[in-house]
Amino acid sequence: MSHALFEPITLRGLEIRNRLWVPPMCQYVVEARDGVPVPWHLMHYGSLARGGAGAIIVEATGVVPEGRISANDLGLWNDAQRDGFRPVVDLVHGLGAKIGIQLAHAGRKASVYREWGVPRSGAMSPEDGAWQTVAPSAVAFPGLAEPVALDEAGIAGVVDAFAAAARRAVDAGFDFLEIHSAHGYLLHEFLSPLSNLRTDEYGGSLENRARLLLRVVDAVRGVIEDSVPLSVRLSATEWVDGGVTVEETSQVVTWLGQHGVDLADISSGGNVAQAPIPVGPGYQVPLATAVKQATGLTVAAVGMIDEPFQAEQIVATGLADIVLVGREFLRDTSFGLHAAERLKVQLPYVPYPYQRAFRR
Ligand code: FNR
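Residues 2 to 361 in this note's numbering are what the sequence shown lists, from first letter to last.
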């Protein structure tokens, strides 16, 4: 039996103990105010590291207050937030895993009630603290408020905010960074002709639509050490005519590689309400494979990869270099240990009491 899933992988000299990682997943913790992590985050990220993940990507973290999805998102626009992440980073490191963080700006999809929250969901009302959202163009996502189109100063502010947050993330001890350019959030909104109707140098051609993302990447690379790996999450397709295509995504990933990005985290959708997404086991893996084959960059696959043998097969056959397991790791925070057991791999980094539990 092959054990590719549990082989280490190295990005820019950073060795990660295996290829079974946890993707960013917002926790929307009620107690999280002002973007600062709370005990929940320690418990949550610690348990995933204890459960055998090679690396964990911390949830979408706002680079500016108005870039949060909900008021309970984490942030990295001030030093108190940076300091709040340190215990989370230290705990995960102590458990032998690596930890990255997804830097995000929610664009026109910001200012919503925390998902799955009761009693309300969707766009926040002014009395609950709704804020003005921004986007490439003044086009609302269905059901949400109309955003203001960013002007050149606003765009420069976004670039600076990503860079400042990146610096703080590295100062907090994060091993690597991910820039969120997927799921209909700000940088994806610029990439997509469905949400970007601009006629200036940020709209129109693919080169123009990718300009902001590349500016952000350059700014982030400019403030972090060369040794820090950089990932970008992209929605490779929008599953509708007229949206970003896999071919366009591959071109963007080629540019990203030239600008110092080490990993393409390939997801899909999120910018179109009610898109006909063919959800099923591993449904986004072919997108990751297509990008990998077109660009040669290291890629991560994500989306309903819930089974150890499925994950192993994806890595072993070269469909992707890394597998991200989200909801299954929430259902079973020992998923990494269960996967190793099923694949008959001895993990040297399993804490002793857990080795006893898994030795049958
Ligand atoms: C997510 N997802 C997500 N994606 C992202 O890029 N940034 C984020 O902060 C979040 N937040 C988030 C929260 C929750 C509760 C879920 C379930 C999902 C998407 C996630 O990273 C992943 O791409 C999908 O869940 C698909 O993978 P799984 O869950 O099928 O393995």
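Every residue gets a Cβ at the ideal spot worked out from N, C-alpha and C, and that includes glycine.
Beta-carbon contacts of residue i that lie in its chain and below 6 Å, excluding the five residues immediately before and after
i, result
"leucine 320", "Val286 and Thr290"
"isoleucine 323", "Arg20, Trp22 and Ala301"
"glutamate 8", "none"
"isoleucine 278", "Trp240 and Gly270"
"phenylalanine 359", "Leu338 and Glu342"
"tryptophan 132", "Glu67 and Ser112"
Three-state class that DSSP yields for residue i in the structure shown
i, result
"phenylalanine 359", "helix"
"alanine 103", "With the sequence shown as reference, residue 103 is identified as glutamine, and alanine is not the correct amino acid for it. Three-state result, glutamine 103: strand."
"valine 262", "coil"
"serine 269", "coil"
"isoleucine 315", "helix"
"alanine 98", "coil"
"valine 324", "strand"
"valine 233", "strand"
"alanine 111", "coil"
"alanine 131", "coil"
Beta-carbon separation (whole angstroms), residue i vs residue j, contact threshold 8 Å
i, j, result
"alanine 154", "arginine 234", "Not quite, the Cβ-Cβ distance comes to about 27 Å (not below 8 Å), so this is no contact."
"phenylalanine 177", "leucine 12", "7 Å"
"glycine 283", "tryptophan 240", "So it is not a contact: roughly 16 Å between Cβ atoms."
"alanine 162", "valine 65", "5 Å"
"alanine 56", "isoleucine 100", "7 Å"
"valine 89", "proline 38", "6 Å"
"alanine 136", "leucine 187", "7 Å"
"arginine 18", "alanine 98", "7 Å"
"leucine 261", "leucine 298", "Going by the sequence as given, residue 261 is glycine instead of leucine. The Cβ separation is near 11 Å, so there is no contact."
"serine 138", "asparagine 73", "Going by Cβ atoms, the distance from serine 138 to asparagine 73 rounds to 28 Å, so no, they are not a contact pair."
"glutamate 249", "leucine 215", "About 14 Å; that fails the 8 Å criterion."
"glutamate 67", "threonine 134", "7 Å"
"leucine 280", "histidine 4", "Note that residue 280 corresponds to valine in the displayed sequence, not to leucine. The Cβ separation is near 29 Å, so there is no contact."
"valine 254", "threonine 318", "Valine 254 to threonine 318, Cβ: 20 Å. No contact."
Cβ-based neighbour list, residue i, same chain, cut-off 7 Å, excluding 5 preceding and 5 following
i, result
"glutamate 202", "Asn209 and Arg212"
"glutamine 60", "It is worth fixing the name first, because residue 60 is glutamate in this sequence and not glutamine. Around glutamate 60: Pro25, Met26, Cys27, Gln28, Leu75 and Gln103."
"glycine 14", "Ser228"
"glutamate 329", "Asp307 and Phe336"
"alanine 276", "Glu239, Trp240, Val241 and Gly270"
"tyrosine 350", "Arg18 and Gly97"
"valine 31", "Asn73"
"leucine 288", "Ala237, Thr238, Val247, Ile267 and Ser269"
Nonlocal neighbours in the same chain, by C-beta distance under 8 Å from residue i, ignoring five residues either side
i, result
"leucine 43", "Pro88, Val89 and Leu92"
"valine 113", "Ile70, Ser71, Ser122, Gly123, Ala124, Met125 and Leu145"
"glycine 158", "Val65"
"alanine 274", "Phe142, Pro143 and Gly144"
Contact with chain D by residue i, beta-carbon distance below 8 Å
i, result
"arginine 87", "Of the protein chains in this structure there is only one, and it is not chain D."
Query raised in the report: Can you give, in chain order, each stretch of the beta strand (DSSP E) that sits fully within the region 135-213 and has at least 3 residues?
Result: The region 135-213 contains these whole beta strand (DSSP E) runs: 177-182.
Query - Minimum length 3: unbroken beta strand (DSSP E) runs contained in the region 8-93 - result: Unbroken beta strand (DSSP E) runs of no fewer than 3 residues, entirely contained in the region 8-93, are found at 10-12, 15-17 and 56-63, following chain order.
**Report entry** Sufficient close CB pairs (3 or more, under 8 Å) joining the region 46-53 to the region 123-134
**Finding:** Under the 8 Å Cβ criterion, the region 46-53 does not count as touching the region 123-134, having fewer than three qualifying pairs.
Query raised in the report: Residue ranges of each beta strand (DSSP E) run of no fewer than 3 residues wholly in the region 275-309, ordered along the chain?
Result: Runs found: 299-303.
Query raised in the report: Between the region 79-93 and the region 166-177, are three or more C-beta pairs nearer than 8 Å?
Result: Yes, they touch.
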